[in-house]
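Everything on this sheet refers to the single structure shown next.
Numbering (the numbering used here), first residue to last: 437 to 938.
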């Protein structure tokens, strides 16, 4: 962890550790380089902690009762808003070139001005969460936005794990109540106020249908649409309403990152909740992979020593002809790629094999036709792509791509593309074609470019390697025109070779 404010006690030190991953994750979305992300996260962390301590030291500024009123957000959303504030500071003092270009546009728009404007015009989710007691708000944020298991949240907040689910249900209701009150306190137009009671009634019942006139109003009014998202607890839209309303730019991307971190076990809170048996099994698996790598290197060195040893006389075992029909011991798969760190198959040791061993393997493949067909795909593009030739559509598929539409609104959408590869990958590039002219506007867990309806996504620095049979995913935001439709993409390809898809 970089140079951060000195914790005042052990409890605050633990809190710092829990919050840093979230702050760095959002800072990484806001910047174009990892070094800039760490600098942004450090400055924002210091800013947020100073703000929290200033309020706590004020007379009557903080009471710690379960239902005590507090003017502060919980620590994680407080520090995430500090990241947003720090990006505005960077932009103002001429350091905006370190930030994401889309974020810079947002910072200079009316959307960003809402977060620092008059309190009654700020996003409803931000006002509703701030009006809650901090323990309630922390429970809601950790469960809905950070996507931590309820038992993990209960342990972190000192709640009874058996009653945590019921507590969360009640807290959702408290958040809805605060948002409803704040919506009525907002200086609304006459039209908006005429729909306020109907909006409250419709969002209370999961089965209620939205009248056509209210639906048309929500499509044109930002404040009422935000209110609908915060008031409707059913349907799974609450996390997006919280993230977008509290964080602002990149809220949905942050939400997706945190969900994936929990699913992959990279989240600190989720990892802490792992049973001891699972943790031990994970450690054994890592030890096993290290052992496989060591064995592969050892076998390759043995093969090299055998091929370089002096040949005997008068014995066919000392000639290449005598060995052509045998299966070499520990024969590695020929490859021109260097040995990647962390790979766990014998093919990674092929760079140390001798020319004689490669020639012997070639002869064997020609005679039997049973050579390994799944060599690691080490480049982000295939030879077909590099040479400018069209990939052969008759080749068998090497992967399966799954497209998932996560969320959709009148002029935009959020989606995820997950690819399972039959081959081990040292790098990857996946592409697809949109049928209705959709445009990708922001992507996480990958870098993208788009030419017309064709989108290509390449690996980020941290997710290039994929084991054989493993998968990777990219999430993104996009725009679409309602008149054109928002159909699912097709023609998926991985490193220049076709994929099946669903």
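Virtual Cβ for every residue (Gly too), placed ideally from N, Cα, C.
Counterpart residues of residue i in DSSP-defined beta bridges
i	result
residue 879	912
residue 926	869
residue 685	Paired residues: none, contrary to the question.
residue 886	891
residue 853	839 and 910
residue 902	861
residue 535	467
residue 540	In the DSSP output, where bridge partners are listed per residue, residue 540 has none listed.
residue 933	930
Under the three-state DSSP convention, the category residue i falls into
i	result
residue 547	helix
residue 444	coil
residue 508	coil
residue 920	coil
residue 848	strand
residue 835	strand
residue 518	helix
residue 668	coil
residue 471	helix
residue 840	strand
residue 700	helix
residue 893	strand
residue 646	coil
residue 529	coil
residue 938	coil
residue 821	For residue 821, the pLDDT reaches just 41, beneath the cut-off of 50, and the residue's location in the model is therefore unreliable, although a value from the coordinates is still provided. Reduced to three states, the DSSP call for residue 821 is helix.
residue 954	One cannot answer for residue 954 here, as it falls past the ends of the chain, which runs 437 to 938.
residue 680	helix
Same chain, Cβ closer than 8 angstroms to residue i, neighbours up to 5 away in sequence not counted
i	result
residue 650	631, 634, 635 and 638
residue 620	632
residue 609	669
residue 897	470
residue 929	827, 866, 867, 868 and 935
residue 488	508, 511 and 514
residue 540	527 and 532
residue 918	846 and 847
residue 538	685, 877 and 878
Proximal residues to residue i (C-beta, below 7 angstroms), its chain only, five neighbours per side dropped
i	result
residue 580	674, 675 and 678
residue 455	511, 512 and 515
residue 451	511
residue 938	838
residue 564	611, 614, 615, 618 and 666
residue 607	572, 575 and 576
residue 543	523, 524 and 527
residue 889	869, 870 and 873
residue 656	none
residue 483	518, 521 and 522
Within 7 angstroms, strictly: CB atoms of residue i and residue j
i	j	result
residue 480	residue 449	no
residue 933	residue 855	no
residue 476	residue 522	yes
residue 873	residue 920	yes
residue 551	residue 684	yes
residue 861	residue 902	yes
residue 963	residue 905	This structure gives no information on residue 963, because the portion of the chain shown stretches from 437 to 938.
residue 458	residue 473	no
residue 908	residue 876	no
residue 535	residue 689	no
residue 654	residue 661	yes
residue 601	residue 586	yes
residue 622	residue 556	yes
residue 578	residue 584	yes
Contact set for residue i: own chain, Cβ-Cβ below 6 angstroms, skip 5 residues either direction
i	result
residue 900	863
residue 843	850
residue 561	666, 677, 678, 681 and 682
residue 445	none
residue 582	694
residue 871	923
residue 548	542
residue 597	587 and 590
is_contact[residue i, chain C] using C-beta, thresh 7 angstroms
i	result
residue 512	Although the question refers to chain C, the structure presented lacks it and comprises just one protein chain.
| request: Please go through the region 543-626 and give each complete alpha helix (DSSP H) segment of 4 or more residues, from N-terminal end onward. | output: 546-552, 560-566, 570-580, 586-593 and 600-621
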